[in-house]
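Engineer: First the structure, which I've put down as structure tokens, then a few questions once you've had a look.
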Amino acid sequence: MALNLVDIKTIYAEDPKLQEKDVKALVKWVQNQPHLPKIGDFEAILFLKKSDYRLVHAQATVDTFFTLKTLWPDVFLERNFAKTPQQQGVFDAMIMMVLPKRTPEGNAVIFMKPLGPNMINHKVETLYKSLYMACMLDVYQKGPANGHIIVYDIQHFPECYVPKMQYGVFKKIFYYDYEIIPIMQIKAMHIYNRNPRMDEVIAVYQSAALKSLLPLIIAHKSLDDLMKYVPKECLPQDCGGLLEPVAVLQEKHKSELLKNGAFFDSFDHLMVDESKRPVDNMIAQCMFGFEK
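Quick note on our numbering: the sequence shown kicks off at 123 and runs consecutively.
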């Protein structure tokens, strides 16, 4: 792999709530589940942090995560974009990247920006595939963030894409993002640059979001208002920040995803084997909106 992985010792040193005994216990528990793929200490750390360090909760999260991953190939397979040139068009449709500087609180900032009509050529699942790839690279390179702040420039959201924003798809996405995925901890979603369709887009998000996520969705009327929540040093120049322009950051982000294709390949085989699932563990039948 081309990736320089974060040192686990650093994560332990920076997080007093994290107990090595719990990490080892979670790894061992997963090893004893015949239907689950094996995980390492780093993945166990991510699942424990996602589950507020509760071991039993983390066990359920691991099972649900790999079950959803297996049932959602549109999002979790063919993530080596270097091998699938047709998917690289997503970079010209929507920017979905993790910005290089974290906030003083240790939060990672996700920047999202539709790029106009090209977006209509891509399913929601393909767009979010690129987002999860970006978050995965960031976490494995820098270690777990304390949380994720989404900054969403909605100015060029194409009117023709609103009908493609299916309630069922976004309900899965919000449930997955907020409750399950170990590489993301949503703390807030800030939407700015009002668009004539902004109310419709927000309405889809609000109708699909979990109740606990609703207070985290904030619409701003100006950049000055946005910067009350996100420091200037963590935002691109285009947003009144001090980082490089969005176009420059996007090119670097694209290059990172393409050159680390082997890293994503290495995770493709990590799926649930339903033929080996214990009869008293029927989580796959309870996944709303998914077919076995």
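Think of the CB as a built atom: it goes at the ideal place given N, C-alpha and C, for glycine as much as any other residue.
Treat the numbers as computed from the prediction; the structure is a model and nothing was measured.
Taking 8 Å as the limit between beta carbons, can you name the residues of its chain near Lys-398, skipping five residues before and five after?
Structural biologist: On the sequence shown, residue 398 is found 276 positions in, with the first residue counted as 1. Excluding positions up to five away in sequence, the list reads Pro-156, His-157.
Engineer: For the putative contact between Leu-140 and Ile-167, defined by C-beta atoms under 8 Å, what is the C-beta separation to the nearest angstrom?
Structural biologist: The sequence position of residue 140 within the sequence shown is 18, counting from 1. The sequence position of residue 167 within the sequence shown is 45, counting from 1. Contact between Leu-140 and Ile-167 holds, with the beta-carbon distance rounding to 6 Å and staying under 8 Å.
Engineer: Are at least three pairs of beta-carbons, each pair with one atom in the segment 216 to 232 and one in the segment 185 to 192, less than 8 Å apart?
Structural biologist: no
Engineer: Of all the beta strand (DSSP E) runs that stay within the bounds of the segment 275 to 354, which reach a length of 3 or more residues?
Structural biologist: 308 to 314, 339 to 341
Engineer: Go ahead and label Gln-277 buried or exposed: buried means 16 or more other beta carbons lie within 10 angstroms of its beta carbon, across all protein chains shown.
Structural biologist: Here residue 277 refers to the residue found at position 155 when the sequence shown is read from its first residue. With fewer than 16 other Cβ atoms within 10 Å, it is exposed.
Engineer: Closer than 8 Å is the cut-off here; do at least three beta carbon pairs connect the segment 222 to 236 with the segment 246 to 262?
Structural biologist: yes
Engineer: Spell out the partners DSSP gives His-270 in its beta bridges.
Structural biologist: Position 148 of the sequence shown, counted from the first residue, corresponds to residue 270. Its beta-bridge partners are Ala-230, Ile-308.
Engineer: I'd like to know whether the C-beta of Phe-213 is nearer than 9 Å to at least one C-beta of chain B.
Structural biologist: The question asks about chain B, but that chain is absent: this structure has only one protein chain.
Engineer: Check each candidate in Gln-288, Tyr-262, Pro-367 and name the one with the smallest Cα separation from Lys-245.
Structural biologist: Counting from one through the sequence shown, the residue named residue 245 turns up at place 123. Nearest option by C-alpha distance: Gln-288.
Engineer: Give the single residue among Asp-390, Gly-383, Pro-353, Tyr-283 whose Cα lies nearest to the Cα of Pro-226.
Structural biologist: Translated into the one-based positions of the sequence shown, residue 226 becomes position 104. If we check each option's Cα against that of Pro-226, Pro-353 comes out closest.
Engineer: In terms of residues, what are the limits of the alpha helix (DSSP H) holding Met-258?
Structural biologist: Position 136 of the sequence shown, counting from 1, holds the residue named residue 258. Note, Met-258: alpha helix (DSSP H), 246 to 264.
Engineer: Assign Lys-374 to one of three DSSP states: helix, strand, or coil.
Structural biologist: Position 252 of the sequence shown, counted from the start, is the residue given in the question as residue 374. Lys-374 falls in the helix class under three-state DSSP.
Engineer: Could you tell me the alpha carbon to alpha carbon distance between His-375 and Val-178, rounded to whole angstroms?
Structural biologist: For the purposes of this step, residue 375 is identified with residue 253 of the sequence shown, where counting begins at 1. For the purposes of this step, residue 178 is identified with residue 56 of the sequence shown, where counting begins at 1. Whole-angstrom Cα-Cα distance: 36 Å.
Engineer: Who pairs with Met-216 in a beta bridge, going by DSSP?
Structural biologist: As a working note, residue 216 is residue 94 in the sequence shown. Pro-236, per the DSSP bridge assignment.
Engineer: Could you give the DSSP three-state label for Leu-170: helix, strand or coil?
Structural biologist: Along the sequence shown, read from residue 1 onward, the residue named residue 170 stands at position 48. Correct three-state label for Leu-170: helix.
Engineer: Thinking just about the alpha-carbon of each residue, which of Asp-402, Val-145, Asn-126 is nearest to the one in Tyr-134?
Structural biologist: Position 12 of the sequence shown, counted from the start, is the residue given in the question as residue 134. If we check each option's Cα against that of Tyr-134, Val-145 comes out closest.
Engineer: For Met-258, which residues from the same chain have a beta carbon less than 7 Å from its beta carbon, with the 5 sequence-adjacent residues on both sides left out?
Structural biologist: If you number the sequence shown from 1, residue 258 lands on position 136. Closer than 7 Å at the Cβ level, and outside the excluded window around Met-258, lie Ile-305.
Engineer: For Ala-330 versus Ile-295, is the C-beta spacing smaller than 9 Å?
Structural biologist: Start at 1 with the first residue of the sequence shown, and residue 330 comes out as number 208. Start at 1 with the first residue of the sequence shown, and residue 295 comes out as number 173. In this structure, Ile-295 lies closer than 9 Å to Ala-330 by Cβ.
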